[in-house]
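Just so it is clear: in the sequence shown, position 151 is 153 by the numbering used here, and no numbers are missing. For each residue, glycine too, the CB sits at the ideal point set by N, CA and C.
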Amino acid sequence: MFPDEIADVVHKYVSLGPSNIALHRTEEIKRWVCLSEEMQQAERDIRSNMSARRQKILERKKLALLKSLLLETGHSDLNLIDDLAAGFDLTGALPESNAFSKRVRPAAISCEDLRSVANLCKKGVLEMTQSSGDTELDEQLYAATLKEVKKGFLEGPLDPASLPAGATLTRRFGVKQKSKTRPIDDYKASFVNSSVSQTETASVHTVDHIAAMVACLMRAGESRGCTLELSAKAWDLADAYKQVPLSDEAFAMDSFLVVYSPQSKGPEIYQQRVLPFGSVASVTAFLRLALALWKVGTKLLGLLWTSYFDDFFSLSEVKTSRHTDLVISSFFAILGWDLSSDKLLWFDSVCKVLGVKFDLKMSGDGISLVLNTEDRVSELCESLDEILGTRRLKRAEGEKLRGRLIFAAGQLFGRFVRNQIRLLSDHIRSGRANLTDETVRALQGIRHHLHANVPRKIVGSSCDHVHIYVDASFDDGSYSGIGGVIYDSTGKPLSFFSEELSQDFVDVVRCDGQVTIIQELEMLALLVAICLWCPEFKNYRVVAFTDSESVRGAFLKTWSNNRQNSHLLTHIFQVEEECLCQIWLERVPSQSNPSDHLSREKVRKWMGLESQEVDYKELWNRAALLRGKCAA
């Protein structure tokens, strides 16, 4: 959902203009500096009840100031600063923020049960902590652990006998990321995550939010007759989780990790002073903080930005980008949040964030582009080439690949890749290592799609839209047909098709022995309409209607248990992405569907229009080539 705060700040920005916005931001930063001076005693009061560990971690954070600013914004997470000062728990019921959507997730085990099995689990974890078999990975993981000790994030190594009764012990493992290894603490295996209960589901701003913000800003500028030449910059918090303390109870009972030491050739135990990476509770706690920072910057400074975990993506007009840079730098410095200095670049018309690249060079003309980064495309294509070369993929590697592909596809249109990933999921569930021909074709299609890396247009001007209605009829041994009609945004019919399906074609469709094939014909009608009209209305928004709930459900999921429908969907999504037509599919009651009678009889003239000819067999055969059977 597009946040109201972004829409509001876009309106405010365009209404005031860059000069007035810059002046407002400057005065607001000056006000914060004065407030910070005035609130020094309040800051000392907050810290008076802190343990020495929490005081050290939060020594640069302006907690009283942030609390005051959050109250000004009307932020609903009223207890956030108190929770931050106390540190965050890793077990039990997580506090409600009232800032995220409600969703109950009960704990799988109680905290009492966790404590009762902790001693037994500790022994097992110590015995299982061995070399990964990769010397480089072991050394990099251990080096990263020692680096955290040096920074004050960890204490140790500790004597295993010093761990209190009932304390949990979590194994640390490493994940290679390009030239470095990221330490992950497996709080799932230690059952700590299983003891967490939540009543909310935390959310982040994705690439969709960024694209919507860019479009909203260009559109607002165009409506006021002003040209906005945009630039962007990504801000990354340094050691983000490590800037946040654990509660004293979590530190005492759930902060212990064990890692393999290449030096001693055995396990070593360390104690975490801050939020660990791998804990469910850590994620929720940090997202509460990130949302609060984003809210203050948006509401009080009028920043055009989004928040994705520790990444903040900001927009600015080129002519005011240096001032915006100074304002955001001051924002983080005043509140005491450290930034990754090695990742900071200047505002630019091309900005990479979350594995995608935003190209804003044509934003003055109301057009911006988004595409996957070259590194992401190259990395995924290399992985796919290796798998296709061997035609083998084990379950663990398949699950990892699926996650990466879903994330990469989810940043853009994504429906075509998700449709093909269904076959990859089937392969993973099967437990096989060898790939079937069908799975190979799916992976080849995904690779081709990724390698093409066609940029997606973000258009500022409100592009027009069209309405499409489709329907199908099936009467075995009698009349079976498909029909469809397209209307412009004023409700004027533009074109239609009405086709009787030959009996030999009907027999081909039901080659798997179905009694009825109405689902397949309803999906075919949608495919025909999309192939017929989307190339003519490129970049349009398309609102399509069907009276088949099964077709709509399959479209929303991007796949169907009906294999023929899944392959028809593949072609629909291909056309959608090739024509950059964003399709929204809704259900319409049959009695309100204008294409209903177009599917029940062959109509040649309707509403002053001539019926368009449709080669439905040829479209069906494209899907048949993927299936390798049932061609018409």
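Name the DSSP bridge partner or partners of residue i?
i    : result
Q200 : R107
R62  : In the DSSP output, where bridge partners are listed per residue, R62 has none listed.
F499 : G486
K459 : L371
E319 : L232
G176 : P185
S263 : G268
Q274 : L156
K607 : E612
I585 : V544
F258 : L171, Q273
N470 : What sits at residue 470 in the sequence shown is Ile, not Asn. For I470, which the question treats as bridged, DSSP gives the partners I488, A546.
Helix, strand or coil for residue i? Go by DSSP, reduced to three states.
i    : result
L628 : Residue placement at L628 is flagged as unreliable, the pLDDT there being 48, under the threshold of 50; the coordinate-derived value follows with that caveat. DSSP places L628 in helix when its eight states are reduced to three.
L641 : The displayed coordinates of the chain run from 3 to 634. Any statement about residue 641 would go beyond what the structure contains.
V206 : coil
K396 : coil
L426 : helix
I186 : strand
Q43  : helix
D79  : coil
N567 : helix
D387 : helix
L305 : coil
D377 : helix
Y15  : helix
S475 : strand
L72  : helix
F279 : coil
F4   : coil
N100 : coil
G361 : The sequence shown places Asp at residue 361, not Gly. Strand, per DSSP.
G405 : helix
Y618 : helix
W339 : coil
E94  : Sequence inspection shows Gly at residue 94; the Glu mentioned does not correspond to that position. Correct three-state label for G94: strand.
D10  : helix
P247 : strand
How about residue i and residue j: do their beta carbons lie closer than 7 Å?
i    : j    : result
R602 : S475 : yes
A435 : R394 : yes
V605 : C533 : no
G223 : V12  : no
L171 : F258 : yes
S233 : F333 : no
R174 : P185 : yes
V260 : T75  : no
E588 : F547 : yes
V355 : A236 : yes
K14  : L337 : no
V358 : V372 : yes
I111 : S196 : yes
I271 : P166 : no
K297 : H26  : no
D598 : Y542 : no
I212 : F315 : yes
Y144 : S70  : no
L82  : A252 : no
S482 : L503 : yes
T560 : N455 : no
S103 : T203 : yes
L92  : A283 : yes
S309 : A335 : no
S370 : I460 : yes
D340 : P278 : no
F418 : F311 : no
Counting only C-beta atoms, is residue i closer than 7 Å to chain B at any point?
i    : result
S482 : In the structure shown, chain B does not exist; there is a single protein chain.
Should the stretch 113 to 130 be regarded as contacting the stretch 186 to 195, the criterion being three or more beta carbon pairs within less than 8 Å?
yes
Note to self: Runs of 4 residues minimum, wholly inside the stretch 123 to 159: which ones carry the alpha helix (DSSP H) assignment?
What the structure shows: Here the runs fully enclosed are 137 to 153.
> Should the stretch 46 to 56 be called in touch with the stretch 28 to 36, which here means at least 3 C-beta pairs below 8 Å?
Replying inline: no
Query raised in the report: Should the stretch 470 to 489 be called in touch with the stretch 520 to 529, which here means at least 3 C-beta pairs below 8 Å?
Result: yes
inquiry  = Between the stretch 496 to 511 and the stretch 607 to 620, can you find at least three pairs of beta-carbon atoms closer than 8 Å?
reply    = yes
Should the stretch 94 to 101 be regarded as contacting the stretch 212 to 226, the criterion being three or more beta carbon pairs within less than 8 Å? no
*asked:* Would the stretch 425 to 435 count as touching the stretch 386 to 401 if we require 3 or more Cβ pairs under 8 Å?
replied: yes
Measuring CB atoms only, is the stretch 229 to 249 touching the stretch 402 to 421, in the sense that at least three cross pairs come out at less than 8 Å?
no
Query raised in the report: At a cut of 8 Å, does the stretch 142 to 161 reach the stretch 268 to 282 through at least three beta carbon pairs?
Result: yes
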